[in-house]
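Chains as they are written, first to last, in the numbering used here: chain A, 6 to 380; chain B, 6 to 380.
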């Protein structure tokens, strides 16, 4: 089996690039003196996850309880579920704890803290809780100096236990210079350390001080006071991360293998079987300096074809055209030609696929890896 | 089990609305005097598909060979695979034919016609072919008057057999008045009838004259000369179709059940566990008269809450805010509140989920239906 014979569309992992990306983040965490807690939401695949993890038991980050449950079946024990807990999900949390998984949850309000505490009392279960901190106003969490911070801590009652604070500099996705990224990383560190300090001064034992986003993790910073770093999309990278400036296009380990199925001569379009169902609807680069459409175009070997992009996509059709002018020679792309599309966003493109096809510096298929989905 | 106890995010079908949508399209096809060939790509679910089909054997339309294979296992025989064939996919087509499935394929160029003919000769297999016609310049197909049309027909050699012409007025998605839709439907009919006439005059036996898109199918038109109508998204409808003007928001049968997990008081945000992983990245309404963000907000009973929308989404977080002003009272949405989000696009939101939860005018769960994915 090779990339000239397998059916398309198919999602391809270039293993050597993935391994290099994993190594880069591991070295970065080491140089920063913090524990790396990889976010496994990008791949939802044990074969990828186990290469990212420091030990087979973790530490790991997940975005759904389904991920926690799946990775727990492979023996991962130390997990943070890094999305604010919805109280009705506590039964699934309890089940994982009873299986011996050291699953930690997060929350950012008194009401959730009370619900968790009441549940723990009723079930006689010591759930570990981190308070979510908002370091840049992009989503959830309490501001580091929020007056409610101590009220939330106080509402986490035994046997529930406050063990740490967690933040995610999602705002770092909006910048694209090393200076701005470094500033965001510093803001992320300062925010979380302020919150940790306030809680410690109030008498709480804050073991975990957790930060993370791929852009801030890879930027120039000093993480004194932080205990661990979370990051996910670095495992594959994508055009969005290249636009942020923390990887090169050549580092992107994920691509969609497609086949040319038609042309529109007047318009200079090459039409493929890789539509948005296979690429996802993610247009994350639309607001970056370079809008990459639905993705950049490589030949079957993964070599970038300059000047082309997927300019439009329907459910099962991708339209490739020249970014400017009429320099697209349709005769170079006869029916049946195989191309590889670099995606805007590895997390959303991955989500469209039940499996990854793994290759390594050649067209030969090394392995097929299953990917799960759902909640 | 009911919508207050099942885990979230969960994709909900309101069965009575779905049935009414199915009935509406069936009556429309009847009044137009054409056969309805439902497109099954929207649901990828046999329980939905069997309700759309006229008989358990078909006719049906699919967008992938995976759909053809899945629905064939349930006994569907008369299928058009309505995406231009990639030659390497012919082995899977052949396998379905050998199983007794009357699978028809489409193409729009001489090179594909030659590849199909060569394959059919080698395999001694009579694959039925339709030529794809481009009625509005939005994607694939030959223009009705294209000089290549007869060359493509000629290149389809026995045992391959030209049986018809097919077009899809995808451009109808860009308009939003009954007059404009009616004009698109007329253009779709005129285009396909012109192509059919030219082929018949050249001596070809054109049995199938196939048109279809949900907006043109439901608009005011006369389909004289057309034999069949294809449409898919009508089964659920969505905010995009409401924006086009061919359904009411109250007709939308698909919604995402979510739970409130937090608030940002200063910003007036309600944060839920329904992010883009569950809603999809589809922002199809962004270019319509009303941009619906990532979706409109209903209470758990499905009653629209005026003035709210999902203004932003991360992977597992949805942010609900007031469309204008500060009229969002966070105290109305305590932690744990369940809401239902109407999606922009039923096809892409559906694709994010392994199953549908079926309810009917109450919160009780009637059934759980599996949904497949992949290619």
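Glycine is no exception: its CB is placed at the ideal position from the N, C-alpha and C atoms.
Does any C-beta atom of chain B lie closer than 9 Å to the C-beta of residue i?
i: residue 182(A); result: no
i: residue 288(A); result: yes
i: residue 134(A); result: no
i: residue 112(A); result: yes
i: residue 97(A); result: yes
i: residue 364(A); result: no
i: residue 240(A); result: no
i: residue 189(A); result: no
i: residue 378(A); result: yes
i: residue 18(A); result: no
i: residue 84(A); result: no
i: residue 43(A); result: no
i: residue 357(A); result: yes
Taking DSSP as the reference, what is the three-state secondary structure of residue i?
i: residue 42(B); result: coil
i: residue 303(A); result: strand
i: residue 362(A); result: strand
i: residue 326(A); result: strand
i: residue 53(B); result: helix
i: residue 317(B); result: strand
i: residue 172(B); result: strand
i: residue 309(A); result: strand
i: residue 295(A); result: coil
i: residue 178(B); result: helix
i: residue 349(B); result: coil
i: residue 109(B); result: strand
i: residue 340(A); result: coil
i: residue 219(A); result: helix
i: residue 7(B); result: strand
i: residue 120(A); result: helix
i: residue 197(A); result: helix
Excluding sequence positions up to five away, which residues of its chain have a Cβ less than 6 Å from the Cβ of residue i?
i: residue 384(B); result: With chain B covering 6 to 380 only, the question about residue 384(B) has no answer from this structure.
i: residue 148(B); result: 139
i: residue 296(B); result: 290
i: residue 230(A); result: 198
i: residue 293(B); result: 248
i: residue 221(A); result: 174, 177, 189, 190 and 193
Please list the terminal residues of the continuous alpha helix (DSSP H) segment that includes residue i.
i: residue 212(A); result: No alpha helix (DSSP H) holds residue 212(A); DSSP gives it neither H nor E.
i: residue 241(A); result: Taken as a continuous stretch (DSSP letters only), residue 241(A) belongs to no alpha helix (DSSP H), as it is neither H nor E.
i: residue 278(B); result: Looking at the DSSP string, residue 278(B) is not in any alpha helix (DSSP H), and its letter there is neither H nor E.
i: residue 100(A); result: 95-103
i: residue 207(B); result: Segment: none, residue 207(B) is in no alpha helix (DSSP H) and carries neither H nor E.
i: residue 71(B); result: 70-78
i: residue 226(A); result: Element bounds for residue 226(A): n/a, residue is neither H nor E.
What residue does the beta strand (DSSP E) around residue i start on, and which one ends it?
i: residue 264(A); result: 259-269
i: residue 235(A); result: 233-236
i: residue 19(B); result: 15-19
i: residue 86(A); result: 83-86
i: residue 369(A); result: Note, residue 369(A): premise wrong, no beta strand (DSSP E); not H, not E.
If I measure Cβ to Cβ from residue i and keep anything under 8 Å in the same chain, skipping five residues before and after, which residues do I get?
i: residue 70(B); result: 86, 94, 97, 98, 101 and 380
i: residue 76(B); result: 45, 51, 54, 65, 67 and 84
i: residue 209(B); result: 158 and 167
i: residue 40(A); result: 34, 59, 64, 232, 233 and 234
Take residue i and list the residues in its own chain whose beta-carbon comes closer than 7 Å to its own, dropping the five residues that flank it on each side.
i: residue 143(B); result: 175 and 176
i: residue 63(A); result: 81, 82, 83 and 84
i: residue 128(B); result: 99
i: residue 258(A); result: 18, 19, 22, 23, 26, 241 and 242
i: residue 9(A); result: 305, 343 and 368
If we cut at 9 Å on Cβ distances, does residue i have a partner in chain A?
i: residue 128(B); result: no
i: residue 176(B); result: no
i: residue 65(B); result: no
i: residue 304(B); result: no
i: residue 46(B); result: yes
i: residue 6(B); result: no
i: residue 249(B); result: no
i: residue 78(B); result: no
i: residue 281(B); result: yes
i: residue 197(B); result: no
i: residue 137(B); result: yes
Going along the chain, which residues of the stretch 315-339 of chain B sit with their C-beta nearer than 8 Å to a C-beta in chain E?
-> Of the protein chains in the structure, A and B, none is chain E.
Return the chain-ordered ranges of every alpha helix (DSSP H) run that is complete within the stretch 128-168 of chain A and spans a minimum of 4 residues.
-> Whole alpha helix (DSSP H) segments, 4+ residues: 153-160.
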